[in-house]
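In the UniProt record's numbering, the protein residues as written are 1 to 284.
C-beta atoms are modelled at their ideal positions from N, C-alpha and C, and glycine is treated no differently.
Just so you know, these numbers come straight off a predicted model, no measurement behind them.
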Amino acid sequence: MSIPKTSWADDVDELVSGQQEDDNIRTVIEYSVNEQGKKVKITRKIKRTLQKSVVEHQVAERQKWEKFGAERGNARGPDRATTTVGENVYLTLSAGNKSAESEQQEEKKPVKSTTGGKVVCRLCKGDHFTAKCPYRDTLGGLENAGDTGAGPDDDTVPPPDAASGAGPTGSKYIPPSLRAGARGTGETMRGPGGGNRDDLPTLRVTNISEDTQENDLRDLFGHFGRVARVYVGRDRDTGAGKGFAFVSFEDRAVAQKAMEKVNGKGYDNLILSVQWSQPRADPK
DNA sequence: GATGAGCGG
């Protein structure tokens, strides 16, 4: 009763010779024809993660039935040459460790829904992100101690039981860097003025060659003083330079000096132009 | 001649 095979896909479920068949891994081989008309072999290894043979009782009973019709007299149960036994295969299609359910919920809610789609500043409850709060300098320190550097905060170390996790009130764990009185990255990441990088003295350098790199400019301007940041304007897609760059210094006087010295200077057979930068246009 | 990216409850 061998039924003639009708397609490549019928060649499924045979063991690759010389391959160990693990009880919990089934190897399924398929052949199909791709867009270029070529035969492709697809080998799939299906791992059984469930308990073996989770089958309804009635279904299991059917395996004992005598065969009838054209199959009369053949061995009981499915003939693996012609029949693929369905298994309980659970596919969990998800990205980022999210369950499918939570992913759906996420799609439903609008992207920026914190307070009904409105952004609310944590400091002043204004209509902007906390980072752009106009009162950030004065209020920021209250929310996150150590923000302004050597502030007058006391050096109180949290009591041991507070550090060990949930207290009697069920408070959340707070990493050491965020505990009151914590010193560390927050301080070292900021310049001496306590300001952030948006108000560093910055020069706009134009007429640079398109293959000028950040490091080239660092070298060029580093002689005058500490360079805080270098940005080279590039084409988004190609990455090629667009002929201008921004160089930020720690010290405004240094920036001033650098501007005077480098402006009009030849570099890479071009004449550099150095001006104070304008603050970045901020989209309102 | 030329004016940046990124982060986020």
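Task: Run of the beta strand (DSSP E) containing V254, from where it starts to where it stops - done: As a working note, residue 254 is residue 254 in the first sequence. Per DSSP, V254 belongs to no beta strand (DSSP E); it is in the alpha helix (DSSP H), 252 to 262.
Task: Where S248 falls, given that 16 or more other Cβ within 10 Å makes a residue buried - done: Taking the first sequence and counting its residues from 1, the one referred to as residue 248 is at position 248. S248 should be labelled buried.
- [ ] With DSSP collapsed to three states, give me the class of residue 366.
- [x] What the structure shows of the chain is the stretch from 1 to 284, and residue 366 is not part of that stretch, so it cannot be assessed.
Task: Residues near E231 by beta carbon distance below 7 Å, same chain, minus five either side - done: By one-based count along the first sequence, residue 231 stands at place 231. For the sequence presented, residue 231 should be read as Tyr rather than Glu. For Y231, where only same-chain residues beyond five positions count, the Cβ hits under 7 Å are A245, F246.
Open item on the list: According to DSSP, simplified to helix, strand and coil, what is G81?
Closed with: For the purposes of this step, residue 81 is taken as residue 81 along the first sequence, with counting starting at 1. The residue you asked about is not Gly; residue 81 is Ala in the sequence shown. In this structure, A81 counts as coil in the three-state DSSP scheme.
TODO: Give the secondary structure of E210 by DSSP, where H, G and I count as helix, E and B as strand, and everything else as coil.
DONE: Looking up residue 210 in the first sequence gives position 210. In the structure shown, E210 sits in coil (DSSP, three-state: anything other than H, G, I, E or B).
Task: CB contact flag (F224, K257, <7 Å) - done: Locating residue 224 in the first sequence gives position 224, where the first residue counts as 1. Locating residue 257 in the first sequence gives position 257, where the first residue counts as 1. Result yes, Cβ atoms of F224 and K257 sit closer than 7 Å.
Open item on the list: Would N215 and L270 be called neighbours here (beta carbons separated by less than 7 Å)?
Closed with: Indexing the first sequence from 1 puts residue 215 at position 215. Indexing the first sequence from 1 puts residue 270 at position 270. No, these two residues do not count as a Cβ contact at 7 Å.
TODO: Measure the C-alpha to C-alpha separation of S277 and T202 and round it to an integer number of angstroms.
DONE: For the purposes of this step, residue 277 is identified with residue 277 of the first sequence, where counting begins at 1. For the purposes of this step, residue 202 is identified with residue 202 of the first sequence, where counting begins at 1. Going by the C-alpha atoms only, they are around 6 Å apart.
Task: Test item: CB-CB of Y226 and E260 under 7 Å - done: As a working mapping, residue 226 is identified with position 226 in the first sequence. As a working mapping, residue 260 is identified with position 260 in the first sequence. The displayed chain sequence assigns Arg, not Tyr, to residue 226. Contact: no.
- [ ] Helix, strand or coil for R48, going by three-state DSSP, please let me know.
- [x] Residue numbering aside, residue 48 sits at position 48 when the first sequence is read from its first letter. Any reading at R48 is ruled out, since the residue's pLDDT is 47, under 50, leaving its predicted position unreliable.
Task: Three-state secondary structure assigned by DSSP to Q278 - done: As a working note, residue 278 is residue 278 in the first sequence. Looking at Q278 - three-state DSSP - the assignment turns out to be coil, as it is neither helix nor strand.
Task: Y135 versus D211: straight-line alpha-carbon distance, rounded - done: The residue you call residue 135 lines up with position 135 of the first sequence. The residue you call residue 211 lines up with position 211 of the first sequence. Those two C-alpha atoms are separated by around 40 Å.
Open item on the list: Check this for me: beta carbons of V274 and N263, under 7 Å apart or not?
Closed with: Counting from one through the first sequence, the residue named residue 274 turns up at place 274. Counting from one through the first sequence, the residue named residue 263 turns up at place 263. Their beta carbons are under 7 Å apart, which means V274 touches N263 by this criterion.
TODO: Pull up the distance between the alpha-carbon of S209 and that of D219, whole angstroms please.
DONE: As a first step, residue 209 is located in the first sequence; it is residue number 209 there, counting from the start. As a first step, residue 219 is located in the first sequence; it is residue number 219 there, counting from the start. The straight-line gap from Cα to Cα measures roughly 15 Å.
TODO: Can you give me the start and stop residues for the beta strand (DSSP E) that F244 sits inside?
DONE: Along the first sequence, one-based indexing puts residue 244 at 244. First-last of the beta strand (DSSP E) with F244: 241 to 249.
Task: Proximity to L139 [Cα-Cα], best of R122, R236, A75 - done: Your numbering for residue 139 matches position 139 in the first sequence. Selected option, being the one with the closest Cα: R122.
- [ ] Give the single residue among A70, R229, H57, K125 whose Cα lies nearest to the Cα of L200.
- [x] On the first sequence, residue 200 is found 200 positions in, with the first residue counted as 1. Looking at the Cα atoms, R229 is the closest of the given residues.
Task: DSSP-derived helix/strand/coil call for K38 - done: Position 38 of the first sequence, counting from 1, holds the residue named residue 38. The answer is coil: DSSP assigns K38 none of H, G, I, E or B.
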